[in-house]
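Undergrad: Here the working numbering is used: the first residue of the sequence shown is 13, the next is one more, and so on.
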Amino acid sequence: MTHPSRITQSSGPEKSPPKVNLRELPSVESAIAQLSKTSPLPQAIIANAVRSEVTRARETAQQSGTCAPRAEIIAAIETYLRRIELSRLQPVINATGVLIHTNLGRSPLGKRTTDFLASLAGQYTNLELDLTTGKRGKRGGYVETALAALCNADAATVTNNCAAAVMLILRHLVTPERNEVIISRGELVEIGGGFRVPEILECSGATLREVGTTNKTRASDYQNAITERTALILRVHRSNFFLGGFTDDPDDQELTAIAREHKLPLVCDLGSGSMMATDKLAPIEHEPMPSEILAGGADLVCFSGDKLLGGPQTGVIAGRTDLVAGIKKDPFFRAVRCDKLILATLQETVTAYLESTTKGTTPDVPVTTMLAMKLDDLKQRANALLVQIQTPLADAGISATLIDTTARTGGGTMPSSSMPSVAIALVGSAASLTPDQIITRLRESEAPLIAYIENDRVEINLRTVFPFQEQALIRTILSLT
Ligand SMILES: *Cc1c(COP(=O)(O)O)cnc(C)c1O
13 MTHPSRITQS SGPEKSPPKV NLRELPSVES AIAQLSKTSP LPQAIIANAV RSEVTRARET
73 AQQSGTCAPR AEIIAAIETY LRRIELSRLQ PVINATGVLI HTNLGRSPLG KRTTDFLASL
133 AGQYTNLELD LTTGKRGKRG GYVETALAAL CNADAATVTN NCAAAVMLIL RHLVTPERNE
193 VIISRGELVE IGGGFRVPEI LECSGATLRE VGTTNKTRAS DYQNAITERT ALILRVHRSN
253 FFLGGFTDDP DDQELTAIAR EHKLPLVCDL GSGSMMATDK LAPIEHEPMP SEILAGGADL
313 VCFSGDKLLG GPQTGVIAGR TDLVAGIKKD PFFRAVRCDK LILATLQETV TAYLESTTKG
373 TTPDVPVTTM LAMKLDDLKQ RANALLVQIQ TPLADAGISA TLIDTTARTG GGTMPSSSMP
433 SVAIALVGSA ASLTPDQIIT RLRESEAPLI AYIENDRVEI NLRTVFPFQE QALIRTILSL
493 T
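(1) Tell me, to the nearest whole angstrom, how far the beta carbon of Gly109 is from that of Ala419; I am working on the premise that it is less than 8 Å.
(2) Just checking Val40 against ligand 1 - is the residue's beta carbon closer than 7 Å to any of the ligand's heavy atoms?
(3) Go ahead and pull the three-state DSSP assignment for Leu474.
(4) Any chance the CB of Val178 is under 7 Å from a heavy atom of ligand 1?
(5) Mapping the DSSP letters down to three states, classify Pro378 as helix, strand or coil.
(6) For a test of the three-state rule: what should DSSP assign to Ser433, helix, strand or coil?
(7) Since Ala394 and Val434 should fall inside the 8 Å C-beta cutoff, what is the C-beta to C-beta distance between them, to a whole number of angstroms?
(8) So, are the CB atoms of Asn227 and Gly198 less than 8 Å apart?
(9) Can you determine whether any heavy atom of ligand 1 sits closer than 7 Å to the C-beta of Asp351, and answer yes or no?
(10) Compute the minimum distance between the beta carbon of His184 and the heavy atoms of ligand 1, and state whether it is under 7 Å.
(11) According to the neighbour-count rule (16 or more other Cβ atoms, all chains shown, within 10 Å of its Cβ), is Asn60 buried or exposed?
(12) Taking buried to mean at least 16 other C-beta atoms within 10 Å of its own C-beta, is Arg272 buried or exposed?
(13) In whole angstroms, what is the alpha-carbon distance linking Thr476 and Ala384?
(14) Pair every Cβ in the region 275-286 with every Cβ in the region 311-331, then say whether three or more of these pairs are closer than 8 Å.
(15) Is Ser316 near ligand 1, in the sense that its beta carbon is under 7 Å from a heavy atom of that ligand?
(16) Measure the alpha-carbon distance for Pro479 versus Ala88 and round it to whole angstroms.
(17) In this structure, what does DSSP give as the bridge partners for Ala168?
(18) If you count every other CB in all the chains shown that lies within 10 Å of the CB of Glu456, and 16 or more means buried, which is it?
(19) Consult DSSP for Leu220 and reduce its assignment to one of helix, strand or coil.
(20) Following a CB-centred definition, is Ser429 positioned closer than 7 Å to any heavy atom of ligand 1?
(21) By the 10 Å Cβ neighbour count, where 16 or more other Cβ atoms means buried, how is His184 classified, buried or exposed?
(22) Cβ of Leu37 within 8 Å of Cβ of Ala69?
(23) Compute the Euclidean distance between the alpha carbons of Arg148 and Glu140, then round it to the nearest angstrom.
(24) Mapping DSSP to helix, strand and coil, what is Leu53?
(25) Once you ignore the five residues that flank Gln325 on each side, which residues in its own chain have a CB closer than 6 Å to its CB?
(26) Less than 8 Å separating the beta-carbons of Leu276 and Thr242?
(27) Inspect the CB distances between the region 86-106 and the region 438-451 and report whether three or more fall short of 8 Å.
(28) Report all residues from its chain with a CB closer than 6 Å to the CB of Pro300; omit the five preceding and five following residues, and keep chain order.
(29) Looking only at DSSP bridge pairs, what is Tyr464 linked to?
(30) Keeping to the same chain, check which residues put their C-beta closer than 7 Å to that of Pro81; ignore five residues upstream and five downstream.
(31) Classify Ser23 as helix, strand or coil using the three-state DSSP reduction.
(32) When you compare only the Cα positions, how much space is there between Val62 and Leu454?
(33) So what does Val439 bridge to, in DSSP terms?
(34) Could you tell me if the beta carbon of Asn173 falls within a distance shorter than 7 Å of some heavy atom in ligand 1?
(35) Report yes if the CB atom of Thr290 is closer than 8 Å to the CB atom of Pro404, and no otherwise.
(36) Please determine, among Val209, Arg230 and Thr229, the residue with the shortest C-alpha to C-alpha distance to Leu12.
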């Protein structure tokens, strides 16, 4: 039998592994000890990083014949550890002007909600205990009642997110005999975060029955597509794009009449689903409200809890009692149910809306407050900020000015709507920092500030910055000097 190493050797002298000096390779123990002095990360994470980088460096050295200098290997581990450290979930200052930013965790919560959450999280709760009988109770009973009241719906329930809500609705309504879902070609959208309507439909076992064209779909297109295999009519809010030019959407009333005539459920995925008339809060479009869509004849609506509602990541389903009850019986519902912290968060958010309606006030929901903020107030805050940073920045070769700009709701809501905003614009002199360097420094600072570049200058959009973050904002900006 030939030893494997013989084969390698006999295939020619040029193939034999080169002799490498591995003395530069740090010992695992010394590297861990050294890096633990500078990195705040738990030692187990540091140790794993060291082991894998030292192994990688050894393999590279054996292949290439030269070993990277020790300092370079340590620096590579440091860079990696810094990245892990920054990836830890932490608060950031959103200076993008995008109110519902999926990368930034969508909606921040109101103070009432966070206070409640803080007190609840460390104690036992009545999650599944009926305090009136002392027996096992229904999870989410209160929030379902409150959501139904808020949406003016017969019934409501909650899932992990809106994607799960759509999936559950389809699973419930689609049967092997009736598996076709009629949807307009103009609504086969992909929403940020990889939610593709056609893929969700297929996942649920439904067959797509596309009608109309990208820009024009009429009620008659739906009418003509109905067969004995039709399970439901689905409408999806276009969310992150808008159609301009020659367009046609079916008239809601006509579509409702068609669905009724054929005894087919009409389901609307609203995406955001605002509880307030957005056009009354800001100079922007009117975002469809669940109560309006249900009053218009839809059998079910669903929407995300962390978009314009301003709550936690959830998917709300509201509408006909029998359909909601049926959906809750699906074993899949158990797999996408919400945790108690999420239910508590949603409960407080929804209650804030209900109470504000009674009192005639605006609810303590940050996204709505930001949406409704008057430009003059924003400018006043901006001016007060500018005086605190302008001189030190100028000394460091960075000019800071106030500019008029716009903010957007984002998060797949009202894609064509923007509202006036104000930004601090930063420009470094030739000897100072480039715009890219500035946004990187701001982003990697102790209170990470997320800004953007527009027309070669860095814009710090103030509509999405909370007043309580202003001191941190100033510190972060001044860290550039
Ligand atoms: C955002 C959105 C979704 C996905 O909601 P998630 O809560 O992120 O799962 C689905 N449909 C529409 C129309 C949306 O805008």
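Every residue, glycine too, gets a C-beta built ideally from N, C-alpha and C.
TA: Looking at the coordinates:
(1) 4 Å
(2) no
(3) coil
(4) yes
(5) helix
(6) strand
(7) 5 Å
(8) yes
(9) no
(10) no
(11) exposed
(12) exposed
(13) 11 Å
(14) yes
(15) yes
(16) 38 Å
(17) Ala330
(18) exposed
(19) strand
(20) no
(21) buried
(22) yes
(23) 6 Å
(24) coil
(25) Asn173 and Asp318
(26) yes
(27) no
(28) Leu282
(29) Glu471
(30) Glu36
(31) Annotation note: pLDDT 46 at Ser23 (below 50); position unreliable, coordinate value reported separately. Here Ser23 sits in coil by DSSP.
(32) 28 Å
(33) Ser411
(34) yes
(35) no
(36) Residue 12 lies beyond the residue range present for the chain, which begins at 13 and ends at 493; the question has no answer from this structure.
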